[in-house]
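Numbering (my numbering), first residue to last: 705 to 1409.
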């Protein structure tokens, strides 16, 4: 057929336009990975303020990371209640002093898990928000040079605020979802709200380092806004709490443009129905009315990728009519041998850890994913039997009482890898030891008080299991990592001659392979002395301190009234004596406050409070240029600081000798006078130890340049 002139001109032009058109985002690109083989942990339960502290999670990073790829943690921002699980949020950017720890502890926890290859999922609460001091005064917060301040137009006009006598009227649009009593429902149609949420998610991902998020109460606003937020943030992992049936939940997934997964509540209700009454036919739904499959969203292959399964969560576990009351081990076995991304509940993990470890090892060894294939072989009231295919092989699972002969399916009794009275699992795949690649780091001795100093040997018990392992340690309080700390071989011994907080990890093959180990060594018991420079806007300053319980007056603590001059500036001073080797403190003026400042040990500590930003204020610990220490009968002056050639240590008590140590405790210089040469030392921070004529000693730090 002869082409027309139109065809000759337009067809090449159309081809060019198609070639140059922007590439469309693939479905689910920012939602949840396809064929994902990871397992998630919900790292909290209701009121788990102790078990879910950032420091507790970090301390267990090696063990948890051996089994879990993702850990969902509570909302980390400051909330209105105290304590709070984070569902009454106030701050999005500037205050992370939550009931689970402070911002420094949060960042340390996230970065520690990241070194193990485990991502942290934030519980994001953007359906509603509380004011800083009343119902609606949302704080002004700045991120990346832009200040975000939401007003009455950010609150839905049908929020309960509208019905309160003496309260201003919200001026936003009508709510696009369900109402939430107790906080202000945000108007997500408002561009200012959308921009603030986008910035908040960017901050969580690119500043704090979260891998993704779980959206709280997504029924509270239109699904299209989740799509807007996820396409802006480009998170690899997003899951919404849409507490409803299959049709409504999958509709929500679709309306987000499949940019988010959802928790599979139908799967959970199937477990609740099947186990207590021993009717295991409840574990199965028919796909398209024909094919038997595990119940819930996961029964449909087109939605398995977007389903996060669970046995219990923080909400269901605390309500007797929703809590799972059957065999926890068997229920987790069913979940971990099914499609969807399994989310293990923290309480179940703590109570059934050994069994759940084995089940996760089976899932990962067989290579099951969120889209694995299930062939249901038997489904009756008494029993569920299925063969599940993974990337590395197959397994057979039986749920129900009584014995079962797996030989008809090609398995022998020797292939059984897990089970109890209610379930059994068989596979021919070798089960991996998921903790075999965790290095066992030790210190000898493991902390203590040694007035004459101490030699500490750092070693790795299973060093032979790794290729060229090394220990990375710090003594300045910072977190050791691949890029921070001193690298030494296992078996290295340190000479510690000053009060030292030793922190170390083991690295091999370019990654961290152990938990962070910490120990404190006390060589001299010096008073804990606190010096702080308060903001000019504060009329007074208080210090609140605690160990296991408060050691000052009740909140806001003790008023700081004594002063000292340091570097020509007036600083407020408090001496806690030597009763406690380590304390935690908060500075405040009764309204504004710092976050928790932890691991404050023997010796002098200097702090500077930065500009007041509402109810939260940041704090910096620093080293003074000329260190001044209170000494009975006189004043000790160290100069110059930083030093280049000589450091002078003067006191009216008379200085008999001076010794200089590295931060790791090695002596590098000494003098029988009050001056010592440091010209040959490398640049860095050092410790001086001055001995007075009466034999007493004072230690401090100086900088060599």
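Each residue gets a CB set at the ideal place from its N, CA and C atoms; glycine is no exception.
Inset, instruction - Determine the extent of the beta strand (DSSP E) in which residue 1405 is found, giving its start and end residues. - result: Within the chain shown, residue 1405 is the residue found at index 701, counting from 1. It spans 1401–1408 - the beta strand (DSSP E) in which residue 1405 sits, taken as one unbroken run.
Inset, instruction - Would you check if the stretch 885–903 and the stretch 855–866 touch, i.e. whether three or more CB-CB distances between them fall below 8 Å? - result: yes
Inset, instruction - Give every residue of the same chain whose Cβ lies closer than 8 Å to the Cβ of residue 1174, excluding the five residues on either side of it in the sequence, and list them in chain order. - result: Start at 1 with the first residue of the chain shown, and residue 1174 comes out as number 470. Contacts found: 1191, 1192, 1193, 1194, 1210, 1211, 1212.
Inset, instruction - Name the two residues that bound the continuous beta strand (DSSP E) containing residue 895. - result: Position 191 of the chain shown, counted from the first residue, corresponds to residue 895. Note, residue 895: premise wrong, no beta strand (DSSP E); alpha helix (DSSP H) at 895–907.
Inset, instruction - Assuming residue 963 and residue 941 form a contact by the criterion Cβ under 8 Å, report the distance between their Cβ atoms to the nearest whole angstrom. - result: Here residue 963 is taken as the residue at index 259 of the chain shown, counted from 1. Here residue 941 is taken as the residue at index 237 of the chain shown, counted from 1. The Cβ separation is near 11 Å, so there is no contact.
Inset, instruction - Just mark residue 1349 as buried or exposed, buried being the case when its beta carbon has 16 or more other beta carbons within 10 Å. - result: On the chain shown, position 645 is the one that residue 1349 refers to. So residue 1349 ends up on the exposed side.
Legend entry - Residue from 960, 1288, 1408, 1377 whose Cα sits closest to the Cα of residue 1345: Mapped onto the chain shown, residue 1345 falls at position 641. Measuring from the Cα of residue 1345, the nearest candidate turns out to be 1408.
Legend entry - Contacting residues, own chain, Cβ-Cβ under 8 Å from residue 1054 (five flanking each side not counted): On the chain shown, position 350 is the one that residue 1054 refers to. 755.
Inset, instruction - For the alpha helix (DSSP H) holding residue 1345, just list the boundary residues, first then last. - result: Along the chain shown, read from residue 1 onward, the residue named residue 1345 stands at position 641. Note, residue 1345: premise wrong, no alpha helix (DSSP H); not H, not E.
Inset, instruction - Find the nearest neighbour of residue 1380 within the set 1388, 1401, 1354, 1387, judged by alpha-carbon distance. - result: Here residue 1380 is taken as the residue at index 676 of the chain shown, counted from 1. Checking every option, the nearest Cα to that of residue 1380 belongs to 1354.
Legend entry - Assigned exposure category for residue 762 - 16 Cβ within 10 Å defines buried: One-based indexing of the chain shown puts residue 762 at position 58. Result: buried.
Inset, instruction - Could you tell me whether any Cβ in chain B is nearer than 8 Å to the Cβ of residue 1379? - result: Of the protein chains in this structure there is only one, and it is not chain B.
Inset, instruction - Please state whether DSSP places residue 1115 in a helix, a strand or coil. - result: For the purposes of this step, residue 1115 is taken as the residue at position 411 of the chain shown. Correct three-state label for residue 1115: coil.
Inset, instruction - Quickly, what does DSSP pair residue 1374 with across the bridge? List them, please. - result: On the chain shown, position 670 is the one that residue 1374 refers to. Paired residue(s): 1363.
Legend entry - residue 1383 vs residue 1362 beta-carbon contact at 8 Å: Locating residue 1383 in the chain shown gives position 679, where the first residue counts as 1. Locating residue 1362 in the chain shown gives position 658, where the first residue counts as 1. Cβ distance not < 8 Å, so residue 1383 and residue 1362 don't count as in contact.
Inset, instruction - Figure out for me which residue from 1249, 794, 813, 1026 has the closest Cα to the Cα of residue 823. - result: What you label residue 823 is simply residue 119 of the chain shown in a count that begins at 1. Selected option, being the one with the closest Cα: 813.
Legend entry - Classification of residue 750 by the beta-carbon crowding that lies within 10 angstroms, buried from 16 upward: Mapped onto the chain shown, residue 750 falls at position 46. Classification for residue 750: exposed.
Legend entry - 7 Å Cβ shell around residue 871 - same chain, five flanking residues per side excluded: Taking the first residue of the chain shown as position 1, residue 871 is located at position 167. Excluding residues within five positions, the ones whose Cβ falls inside 7 Å are 839, 865.
Inset, instruction - Express the C-alpha separation of residue 1130 and residue 653 in angstroms, rounding to a whole number. - result: Not covered by the structure: residue 653. The range shown for the chain is 705 to 1409.
Legend entry - Per-residue DSSP class, three states only, for residue 867: If you number the chain shown from 1, residue 867 lands on position 163. Three-state result, residue 867: helix.
Inset, instruction - Going by CA-CA distance only, name the one from 830, 1168, 1308, 1358 that's closest to residue 884. - result: On the chain shown, position 180 is the one that residue 884 refers to. Looking at the Cα atoms, 830 is the closest of the given residues.
Inset, instruction - Using 10 angstroms around the beta-carbon of residue 787, count the other beta-carbons present and answer buried if the total reaches 16, otherwise exposed. - result: Working through the chain shown from its first residue, we reach residue 787 at position 83. Exposed.
Legend entry - residue 1332 burial status per 10 Å Cβ neighbour count (16 or more: buried): Within the chain shown, residue 1332 is the residue found at index 628, counting from 1. At residue 1332, the pLDDT of 46 sits below 50, so the modelled position is not reliable; the number obtained from the coordinates is stated separately. Residue 1332 should be labelled buried.
Inset, instruction - Could you tell me which residues DSSP puts in a beta bridge with residue 918? - result: One-based indexing of the chain shown puts residue 918 at position 214. Residue 918 is bridged to 827, 943.
Inset, instruction - Measure the CB-CB distance between residue 816 and residue 1290 and report whether it falls below 8 Å. - result: The count along the chain shown starts at 1 and reaches residue 816 at position 112. The count along the chain shown starts at 1 and reaches residue 1290 at position 586. It is not a contact, given that the beta carbons lie outside the stated cut-off.
Legend entry - First through last residue of the beta strand (DSSP E) which encompasses residue 1277: Numbered from 1 along the chain shown, position 573 holds the residue referred to as residue 1277. First-last of the beta strand (DSSP E) with residue 1277: 1273–1279.
Legend entry - Cβ-based neighbour list, residue 863, same chain, cut-off 6 Å, excluding 5 preceding and 5 following: Position 159 of the chain shown holds residue 863. So the qualifying residues of the chain are 874, 888, 889.
Inset, instruction - Could you name the residues that DSSP lists as bridge partners for residue 1153? - result: On the chain shown, residue 1153 is found 449 positions in, with the first residue counted as 1. Per DSSP, 1226.
Inset, instruction - Tell me residue 933's beta-bridge partners as DSSP assigns them. - result: On the chain shown, position 229 is the one that residue 933 refers to. Residue 933 is not bridged to any residue.
Inset, instruction - Counting only the same chain and skipping the five closest in sequence on each side, list residues whose C-beta sits under 7 Å from that of residue 1336. - result: Here residue 1336 refers to the residue found at position 632 of the chain shown. Legend: pLDDT at residue 1336 = 39, less than 50; position of this residue unreliable, value from coordinates given subsequently. Correct list: empty, nothing qualifies.
Inset, instruction - Could you spell out the range, first to last residue, of the alpha helix (DSSP H) harbouring residue 758? - result: Stepping through the chain shown from its first residue, residue 758 is reached at position 54. Here the alpha helix (DSSP H) through residue 758 covers 758–763.
Inset, instruction - With distances taken Cα to Cα, identify the nearest neighbour of residue 1219 among 747, 742, 759, 764. - result: Here the question's residue 1219 lines up with position 515 in the chain shown. Among 747, 742, 759, 764, the Cα nearest to that of residue 1219 belongs to 764.
Legend entry - Element boundaries [alpha helix (DSSP H), containing residue 951]: Taking the chain shown and counting its residues from 1, one reaches residue 951 at position 247. Start and end: 950–959.
Inset, instruction - Assess, as a yes-or-no matter, whether the stretch 1124–1139 is touched by the stretch 1096–1106 under the definition of 3 or more beta carbon pairs within less than 8 Å. - result: yes
Inset, instruction - Excluding the 5 residues preceding and the 5 following residue 807 in the sequence, name in chain order all residues of the same chain whose CB lies nearer than 6 Å to its CB. - result: Taking the first residue of the chain shown as 1, we reach residue 807 at position 103. Taken in chain order, the residues that qualify are 800, 1299.
Inset, instruction - Return helix, strand or coil for residue 1233, following the three-state DSSP convention. - result: Taking the first residue of the chain shown as 1, we reach residue 1233 at position 529. Three-state result, residue 1233: strand.
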